[in-house]
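Enquirer: Please read through the structure below; I'll follow up with questions.
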Amino acid sequence: MQFLYITLALLASYLIGAIPFGYIIPKVFKNIDIREHGSKNVGSTNVIRVLGLKYGIPTFLLDCFKGALPIIIIRYVLGYQELNLVDIYDISILYGAFAAIGHIKSIYIGFKGGKAVATGVGAVIAINPIVGLSGIAIFFIVAFSTKYVSIGSVVASFLVGVFMWIAVLIPELWIPSQHLILNYQSQSINLTVLSIIVLLIIYMHKKNFVRLLNGTENKIGQKKKNK
């Protein structure tokens with residue numbers, strides 16, 4: 003029965019993560035298909051590029067929220083015990099990972115999507131708010147200092163991964179001692195899933211790396227050179 007509950011929770015996480023706010027908001031408010039504009043990416047960065055912060059910021063926040071929502075529902079609303087799932091410090095990151103996969107390959111728009119940076123950040127915030135919010139701060143610092151959103155995304159994703167490794171390997175840094183649960187089997191699952199998602203997000207920026215090397219990557223405040 004536990005396996006069934008976990009499977010259903012993962013499926014629900016994917017379906018929530020697959021909600022394409024980067025497609026819905028431009029379509030509803032401006033009647034455009036974001037997949038035909040800018041980088042054609044269904045993510046908040048492209049919405050900002052095409053429509054500006056007015057529509058890009060809500061898209062970013064909603065993409066973050068859908069990464070956090072499955073974890074919030076399972077951990078805090080329904081509760082692990084009620085669902086006969088694993089304990090509170092077990093495999094929450096797996097549900098966030100499936101939300102990120104849903105964002106990258108959305109069933110609602112032909113398995114297209116974005117790069118899951120915002121969705122991944124939302125999942126991390128739900129698990130460890132300090133690390134997640136630090137990731138957002140790092141993103142803005144790097145992005146605006148280098149003028150490249152892609153560099154900010156990659157650096158922030160990598161460092162969030164490193165910080166989460168530290169948080170898992172040294173849980174005393176953020177889990178009160180009276181609630182500390184050392185389940186090394188589940189922690190290995192957490193670290194494996196985390197590493198895969200970070201590498202996947204970095205891989206999703208491969209075209210950005212090529213443009214950076216060619217000097218054609220779009221800078222903040224600059225109109226896009228390449229699609």
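Numbering (the working numbering), first residue to last: 3 to 229. Quick reminder that beta carbons are idealized off the backbone N, C-alpha and C, glycines included.
1. How many Å lie between serine 155 and isoleucine 109 at the Cα?
2. Do the stretch 93-110 and the stretch 9-21 touch if we need at least three Cβ pairs shorter than 8 Å?
3. Using a Cβ-Cβ cut-off of 8 Å (strictly less than) and excluding sequence neighbours within five positions of valine 162, which residues of its own chain qualify?
4. Quick check on the DSSP output: the alpha helix (DSSP H) that includes asparagine 130 runs from which residue to which?
5. Report the rounded CA-to-CA distance for isoleucine 90 versus alanine 118, giving the unit in angstroms.
6. Do isoleucine 27 and threonine 61 come within 8 Å of each other at the CB atom, strictly closer than that value?
7. Whole alpha helix (DSSP H) runs in the stretch 24-65 with 4 or more residues, listed along the chain?
8. Give the DSSP-derived three-state secondary structure of lysine 209 in the structure shown.
9. Start and end of the alpha helix (DSSP H) containing isoleucine 93?
10. Output needed for threonine 47: all residues of its chain with C-beta closer than 7 Å, excluding positions within five of it in sequence on either side, in chain order.
11. Hey, could you find the ends of the alpha helix (DSSP H) valine 157 is sitting in?
12. So which of Ala120, Gly24, Ile74 has the shortest CA-CA distance to glycine 54?
13. Looking at C-alpha atoms only, which residue of Arg51, Thr218, Ile129, Gly112 is the closest neighbour of asparagine 192?
14. Apply the 10 Å Cβ neighbour rule to leucine 6 and answer buried if 16 or more other Cβ atoms are within range, or exposed otherwise.
15. Quick one: using the 10 Å Cβ neighbour count with 16 as the cut-off for buried, is asparagine 33 buried or exposed?
16. Using the rule of at least 16 other Cβ atoms within 10 Å of the residue's Cβ for burial, across every protein chain shown, is serine 179 buried or exposed?
17. Can you tell me whether DSSP reads lysine 221 as helix, strand or coil?
18. Quick one: is aspartate 35 buried, meaning 16 or more other Cβ sit within 10 Å of its Cβ, or exposed?
Expert: Taking the geometry as given:
1. Locating residue 155 in the sequence shown gives position 153, where the first residue counts as 1. Locating residue 109 in the sequence shown gives position 107, where the first residue counts as 1. Straight-line Cα distance between these residues: approximately 24 Å.
2. With the cut-off at 8 Å, the stretch 93-110 and the stretch 9-21 touch.
3. Walking along the sequence shown from the start, residue 162 turns up at place 160. The answer, listed in chain order, is Gly122, Val123, Val126, Val133, Gly134, Ser136, Gly137, Ile140, Val200.
4. On the sequence shown, residue 130 is found 128 positions in, with the first residue counted as 1. It is not in any alpha helix (DSSP H) - asparagine 130 carries neither H nor E in the DSSP assignment.
5. Here residue 90 refers to the residue found at position 88 when the sequence shown is read from its first residue. Here residue 118 refers to the residue found at position 116 when the sequence shown is read from its first residue. Its pLDDT being 44, under 50, isoleucine 90 is placed unreliably by the model, and nothing is read from it.
6. The residue given as residue 61 occupies position 59 in the sequence shown. The residue given as residue 27 occupies position 25 in the sequence shown. Contact flag set, yes.
7. 46-53
8. Position 207 of the sequence shown, counting from 1, holds the residue named residue 209. Residue state, collapsed to three classes: helix.
9. One-based indexing of the sequence shown puts residue 93 at position 91. That residue, isoleucine 93, is in no alpha helix (DSSP H); it is neither H nor E in DSSP.
10. Position 45 of the sequence shown, counting from 1, holds the residue named residue 47. Val151, listed in sequence order.
11. For the purposes of this step, residue 157 is taken as residue 155 along the sequence shown, with counting starting at 1. Looking at the DSSP string, the run of the alpha helix (DSSP H) that includes valine 157 is 151-171.
12. Position 52 of the sequence shown, counted from the first residue, corresponds to residue 54. Ranking Ala120, Gly24, Ile74 by Cα distance to glycine 54 puts Gly24 first.
13. Locating residue 192 in the sequence shown gives position 190, where the first residue counts as 1. Ranking Arg51, Thr218, Ile129, Gly112 by Cα distance to asparagine 192 puts Ile129 first.
14. The count along the sequence shown starts at 1 and reaches residue 6 at position 4. Exposed, since its Cβ has fewer than 16 Cβ neighbours within 10 Å.
15. Reading the sequence shown from its first residue, position 31 is the one you call residue 33. Exposed is the call here.
16. Numbered from 1 along the sequence shown, position 177 holds the residue referred to as residue 179. Residue placement at serine 179 is flagged as unreliable, the pLDDT there being 47, under the threshold of 50; a coordinate-derived value is accordingly withheld.
17. Position 219 of the sequence shown, counting from 1, holds the residue named residue 221. If DSSP states are grouped into helix, strand and coil, lysine 221 belongs with coil.
18. Translated into the one-based positions of the sequence shown, residue 35 becomes position 33. Exposed, by the Cβ-count rule.
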